[in-house]
Amino acid sequence: MASERAKHLKRLRRLHRSARGWSVRAGLLTGATAILVPYSGLGLPDAFWAAGAGGSIAIAIWRWMDLRAFRALPVPPEPDPALVGAQAREKLVGIVAKLPAGRTAIAEFGRQRESFKLRGLTVAEPWRRLDRASAMLAGLVGRLGPHAEAAVLDATVAEQSLRDLAQRTASVERAMSLGPAGDSLRPAHASLAAQLEQGVSAYEQFVTAAAGCVAEDSATIGNLADATAFLKGVAEAMSDLRSTPRASTA
430 MASERAKHLK RLRRLHRSAR GWSVRAGLLT GATAILVPYS GLGLPDAFWA AGAGGSIAIA
490 IWRWMDLRAF RALPVPPEPD PALVGAQARE KLVGIVAKLP AGRTAIAEFG RQRESFKLRG
550 LTVAEPWRRL DRASAMLAGL VGRLGPHAEA AVLDATVAEQ SLRDLAQRTA SVERAMSLGP
610 AGDSLRPAHA SLAAQLEQGV SAYEQFVTAA AGCVAEDSAT IGNLADATAF LKGVAEAMSD
670 LRSTPRASTA
């Protein structure tokens with residue numbers, strides 16, 4: 430998408446080319462009229478030459494006036510490179526999202542980007558395991574049947590809570606590297622890391638149970654009850670997280 434500055438300069442060049450082109454036409458027609466009229470006398474064809482020359486002169490004058498008026502307008506400033514980059518990314522994402530596998534590719538790219546940000550931190554491994562379990566669950570959703578919709582929805586909410594917990598844990602771990610003052614954050618970090626490990630393990634157990642339902646090719650009440658029990662473990666872990674005072678992670 431062209432910026433306002435680029436559009437302004439493009440129109441300025443277009444007006445300049447137009448004014449110069451009509452000036453050349455007016456000069457050619459005027460010269461032809463000045464030569465042909467005295468040479469063959471004034472006739473009907475010469476009237477057309479003269480009219481064309483006069484009209485070209487008038488249009489050329491108008492074009493130069495338009496160019497002069499447009500040049501007097503302020504040129505828009507250079508666009509912010511960050512804003513231009515963001516707009517380009519949004520446009521690219523919109524194009525890719527329209528492709529058959531575009532949304533899947535965008536989601537995968539987002540996961541890879543977040544994994545890269547967590548590289549070198551203790552939460553990187555739980556995050557990788559959560560990504561893998563989430564991808565497995567996404568492949569099982571269409572085969573679990575309508576009876577598992579509520580359980581899958583709860584699992585989705587639990588996954589987002591786990592990702593939020595991972596980001597909180599990563600923020601605390603980064604703050605721990607600020608010197609001696611960061612040592613006071615070690616107990617809070619250890620508590621958050623333990624909760625994250627417990628939650629990811631419970632989520633993996635839920636996905637394993639869901640895979641077992643698919644493997645047996647039936648949606649029996651017993652299988653769904655087992656999957657729901659695993660999911661309750663995830664929900665309980667998230668409840669413990671919400672009850673933890675935020676002051677302990679500051």
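First residue of the sequence shown? That's 430 in our numbering, and the numbers climb one at a time after it.
Even for Gly, the Cβ is constructed at its ideal location relative to N, Cα and C.
In this text the structure is predicted, and so the values were computed from the model without any measurement.
- Shortest Cα-Cα distance from Pro-505 to any of Leu-566, Ile-490, Ala-435 involves Ala-435.
- In this structure the stretch 585-593 does not lie against the stretch 611-623, because fewer than three pairs of beta carbons, one per stretch, are closer than 8 Å.
- By the neighbour-count criterion, in which 16 or more other beta carbons inside 10 Å mark a residue as buried, Arg-597 falls on the buried side.
- The Cβ atoms of Val-601 and His-618 lie closer than 8 Å to each other.
- One Cα belongs to Arg-454, the other to Ser-485, and the distance between them is close to 6 Å.
- No residue range can be given for Arg-548, since it is assigned to no alpha helix (DSSP H) and is classified by DSSP as neither H nor E.
- Its chain contains Leu-594, Arg-597, Thr-598, Val-601, Thr-678 as the residues whose beta carbon lies nearer than 7 Å to that of Leu-621, once the 5 sequence neighbours on both sides are disregarded; these appear in chain order.
- Ala-480 is positioned such that its CB atom lies no closer than 8 Å to that of Trp-451.
- The shortest CA-to-CA distance from Ala-623 to any of Leu-444, Ala-638, Glu-554, Ala-498 is the one to Glu-554.
- Leu-502 sits in coil when the DSSP states are folded into three classes, being neither helix nor strand.
- By the 16-neighbour rule on beta-carbons within 10 angstroms, Trp-491 is exposed.
- The DSSP-derived three-state label of Gly-568 is helix.
- Closest in alpha carbon position to Leu-444, among Ala-461, Ala-487, Ala-498, Leu-457, is Ala-498.
- Rounded to whole angstroms, the gap between the alpha carbons of Gly-641 and Arg-548 is 32 Å.
- Under the three-state reduction of DSSP, Glu-507 is assigned to coil, being neither helix nor strand.
- For Pro-616, the uninterrupted alpha helix (DSSP H) run begins and ends at 615-644, by DSSP.
- Counting every other CB atom within 10 Å of its CB across the protein chains shown gives Phe-635 a total of 16 or more, marking it as buried.
- Ser-590: member of the alpha helix (DSSP H) spanning 578-604, first to last residue.
- Within the same chain, and ignoring the five residues on either side of His-437 in sequence, the residues whose Cβ sits closer than 8 Å to its Cβ are Leu-502, Val-504, Pro-505.
- Going by C-alpha positions, Leu-559 is about 8 Å away from Arg-592.
- As the crow flies, the alpha-carbon of Val-629 is around 11 Å from that of Arg-561.
- Judged by DSSP in its simplified three-state form, Val-552 adopts coil rather than helix or strand.
- The Cβ atoms of Ala-482 and Thr-462 lie closer than 8 Å to each other.
- Comparing alpha carbon positions, the residue from Leu-582, Trp-556, Gly-571, Met-565 closest to Glu-626 is Trp-556.
- Gly-608 sits in coil when the DSSP states are folded into three classes, being neither helix nor strand.
- Short of 7 Å from the beta carbon of Asp-495, and not among the five residues preceding or following it, lie these beta carbons of its own chain, in chain order: Leu-444.
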